[in-house]
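Everything below concerns the one structure shown next.
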Amino acid sequence: MTDNPSLLNNPNLDDWLIILPDGDIEARSGKVDVGQRISTALAIIVSEEMDVDLEHIQIAPPATIGFPDEGMTTGSNSIEQSGHALRRAAATARRHLIGIAVEKFGAPAECLNIKDGLIGVTGTNQTINFAELMDGGGFGIPVDPNAPLKPTEDHRWIGNAATPRHMTEFVTGAFSYVHDMALPGMLHARPIRPPHANAQLIDFDPKVTAQLTGDGIIIVRNGSFAALAGEDEYALIKAARRLAETAEWDLGDGLDTEDVFQRLRDNDHLSLPVVDGTPVDDPAPALRDPPPDAAQTLSARYERPYVMHATIGPSAGMAVCTDTGIEVWTHSQGIHSFRASAAEALGVAPDTLTVHHALGAGCYGHNGADDAAFDAVLIARAIPGRPVLLKWTREDEHAWEPYGSCMAAETRASINAAGQIIQWSQDTYSDTHRGRPRPDPGGDGPARLLGARYLSDPARAFSAKPTMTRQGGLHRNLDPYYDFPDTRLVKHLVRDLPLRTSALRCLGAHVNVFALESFIDELARAAKIDALAFRLNHLSDRRAKTVLNACAEAIGWGDVAAEGHGLGLAFARYTNSKTYAAVGVDLSVDDAAQVHLNRVVIAADAGEVIDRAGLSAQLEGGFLQAASWTLYEQVTFDESGITSRDWDTYPILRFDNVPDIETILMERPGDAPLGAGEAVGGPAAGAIANAIFNATQIRMRRMPFTPDMIRAAAAADAN
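Read in order, the letters of the sequence shown are residues 1245 to 1963 in the numbering used here.
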């Protein structure tokens, strides 16, 4: 028996593996590769268990037909779910093929050997390849979740160097992304967006629409959803700009510009206690008095503004509508959920849509991919028979993607005379982190698609429900991994905030761990105990202690720093069940209050390492993205709309502030692999904040840590 949902929902071996006529093996996964190298890791797993060279393992892009439905590619679950499933599938297939070969050769299984897709009889020249054994058929058996795996000591591929899939094509520019697709008769398309989310389209200048139509431009309109399509992309771009300039909009009330941090505190909110990482449908407990043996009680509030996914390439999607249905190509991370939501929005059966995953700009979370695909579907339905490739612009992406929510975390803790935390409380306030399109009996599927909100018969306004799953949404990593004897943890889902939000890498863990690890440093300072020792004193998990000690040693913890130069340390175990990660940051703050990242150490325990370079890239990339959020990023807006619409108004981390990064991986062959894609985000923010304090004695509690924010914090401390 297995508790892996990927295997429970897709139990047949033929769902996962196909032996091709040339003997290659096609491994099929429902998890999509968005640049995190999951396809490389899955190929390594199958190669290892089936004793086939890596070059003979093919990983096909998922689709809603012919592939296992593994839900969304989210939560750092791909290795733990799809990797586990394919490993058991490959082990089952290997055993099945040996069984066929036993009958074929009349030799016992112990006399057979496998090498690169050939089964041979030891001591003879008799061999047969997998394709000949299968004779064009399928396996016709279920995956055995208990199939014996190859012994760790016999591994050739797992944990060793492997060239990422398509690396040569990526580097040379030969790879074809969804943006590069070209089908016969294809039209290019661009949407016409309103000035802000609350505006409604009245009309376009009829003279301009007539001229554009005469030039071969097709104008598609359904309520306030408007787009243009045409054969020549450059002509279309110019036409879209011209038409947008003539649009007449009912601007309504505009965006609410009240301070979002005040609104997080004051707006209506649904409050739920969190126990052992899971929300409970009970009244939130009141903040208790400090215990009698409390020597000190401290409190603090930590904040983050709205932030973007800010993918380097804007979103795109392709769709074609024919008599047999609608076919879609998208870089969505949830093609089955997208299909269900799009079908509901269109009022058609889900099986009339076939959705293919096609690689686009990498993104961890819910960016504009689903919305761009639905835009393409709406246009394709209006122009049946013609494939439509729709691309968002940079301005579209910055202004219309679902953002990571603004958040606030209020912490309070008491320590006793020995410097032990004896009471801990945290309240986290946020909008939803769960806005991806997904089927919902209440009609929320269409409500989560941007285009559906602007149709003449619009989807109803989306109202988020609280995420009640363990370690989900805004309460991810709200529950500390430290050994605190008395905790009070409350999540607050805040209503009526001004901007659309959804899943961003780490979900609530970025702010929850930032708050936890910053406050841990503040408590250690109050107790007059070294911050590393203070953490270790509150941990019983040896693996957690190991990564902390390794990180501290490598970063030079305890060394005396020069003025303006600081070290910071932070730790978390993502979702309290995935990768252990400790981050050490060496930085300096100059006289202009600019933060310079000098050196970073990441120590991680992700269980058995499948793809060493891929794991390191995940951890290092996670640090860089979190550093960018922490130091630079903030969505800005006024009554007229989003004002951070390009890289000047929404700055991100640049190459001139990328630090030297040392990554230390704990070796645990034979252990279960642990999800790692989001392990570093929270510790990165905490370590940077702690290093800034170490360098300047200024405690940063509101992101981003720009020079202006650092000066403001210094002024507040002085008062």
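The beta carbon of each residue, even a glycine, is placed where N, CA and C say it ideally should be.
Proximity winner among the options, relative to residue i (alpha-carbon distances)
i     : options                       : result
I1289 : A1271, T1574, S1576 and D1258 : A1271
R1509 : L1737, G1467 and S1322        : L1737
P1710 : H1513, E1797 and F1414        : H1513
I1309 : H1340, V1572 and V1833        : V1572
L1733 : L1909, T1676, L1718 and P1742 : L1718
T1672 : R1545, D1614 and A1560        : R1545
R1946 : F1505, D1701, T1368 and G1689 : F1505
A1777 : A1814, G1752 and H1754        : A1814
I1462 : G1381, A1329, G1364 and R1630 : R1630
R1331 : E1292, L1499, G1930 and E1354 : E1292
S1326 : D1313, K1735, Y1725 and R1338 : D1313
H1410 : P1438, P1249, A1433 and A1304 : A1304
E1547 : P1948, G1802, F1582 and I1854 : P1948
I1665 : A1796, F1763, G1914 and D1882 : F1763
G1716 : D1520, D1952, A1935 and N1248 : D1520
I1556 : D1952, T1950 and I1896        : I1896
N1660 : W1668, G1689 and P1913        : W1668
M1953 : V1839, G1752 and A1406        : V1839
P1628 : A1768, V1564, A1584 and L1603 : V1564
I1846 : D1892, A1796 and V1804        : A1796
A1307 : H1553, G1578 and P1435        : G1578
R1739 : L1751, A1708 and T1731        : A1708
Beta strand (DSSP E) segment containing residue i, residue limits
i     : result
G1310 : Segment: none, G1310 is in no beta strand (DSSP E) and carries neither H nor E.
P1435 : L1431 to I1436
P1517 : H1513 to V1519
S1208 : Absent from the structure is residue 1208, since the part of the chain shown begins at 1245 and ends at 1963.
D1977 : Nothing in the structure corresponds to residue 1977, since the chain is present only between 1245 and 1963.
S1543 : Q1540 to R1548
Q1878 : Note, Q1878: premise wrong, no beta strand (DSSP E); not H, not E.
L1603 : No beta strand (DSSP E) holds L1603; DSSP gives it neither H nor E.
K1735 : T1731 to V1738
S1320 : Careful: S1320 lies outside any beta strand (DSSP E) and carries neither H nor E.
G1569 : G1569 to T1574
Residue i, buried or exposed, once every other Cβ within 10 Å from all chains shown has been counted against 16
i     : result
Y1478 : exposed
E1413 : exposed
L1431 : buried
K1275 : buried
E1489 : exposed
K1451 : exposed
P1438 : buried
V1757 : buried
R1485 : exposed
L1841 : buried
M1245 : exposed
For residue j and residue i, believed in contact at Cβ under 8 Å, the rounded distance
i     : j     : result
E1588 : P1523 : Not a contact, Cβ separation roughly 27 Å.
R1749 : Y1647 : About 12 Å separates the two Cβ atoms, so there is no contact after all.
R1281 : P1408 : 5 Å
L1909 : A1848 : 6 Å
T1823 : G1919 : 6 Å
G1382 : D1258 : 4 Å
G1921 : G1851 : G1921 to G1851, Cβ: 14 Å. No contact.
M1691 : R1704 : Here residue 1691 is Ala; the residue named in the question, Met, does not match the sequence. Contact holds; Cβ gap of about 6 Å.
D1723 : N1820 : 6 Å
I1854 : A1285 : 5 Å
L1603 : H1575 : 6 Å
A1861 : G1925 : A1861 to G1925, Cβ: 15 Å. No contact.
P1917 : I1323 : 5 Å
R1786 : Y1725 : Contact doesn't hold; Cβ gap of about 13 Å is too wide.
CB contact check: residue i to chain D, cutoff 7 Å
i     : result
T1711 : Of the protein chains in the structure, only one exists, and it is not chain D.
Limits of the alpha helix (DSSP H) - the one that residue i falls within
i     : result
Q1869 : R1856 to L1875
K1822 : It is not in any alpha helix (DSSP H) - K1822 carries neither H nor E in the DSSP assignment.
I1385 : Note, I1385: premise wrong, no alpha helix (DSSP H); not H, not E.
N1938 : G1925 to T1940
D1614 : A1613 to A1626
V1452 : P1450 to G1458
R1955 : P1951 to A1962
Say whether the segment 1937-1948 touches the segment 1806-1816, bearing in mind that this needs 3 or more beta-carbon pairs closer than 8 Å, one atom from each stretch. yes
At least three beta-carbon pairs within less than 8 Å, the segment 1437-1452 to the segment 1462-1478: yes
Examine the Cβ distances between the segment 1294-1302 and the segment 1346-1354 and report whether three or more of them are shorter than 8 Å. no
Would you call the segment 1824-1840 and the segment 1884-1892 in contact, with 3 or more CB pairs under 8 Å? Judged by Cβ distances under 8 Å, the segment 1824-1840 makes no contact with the segment 1884-1892, as fewer than three pairs qualify.
Does the segment 1529-1546 come within contact of the segment 1594-1602, defined as at least 3 CB pairs closer than 8 Å? Fewer than three pairs of CB atoms, one per stretch, sit closer than 8 Å, so the segment 1529-1546 makes no contact with the segment 1594-1602.
Do the segment 1525-1533 and the segment 1737-1747 make contact, defined as three or more Cβ pairs closer than 8 Å? no
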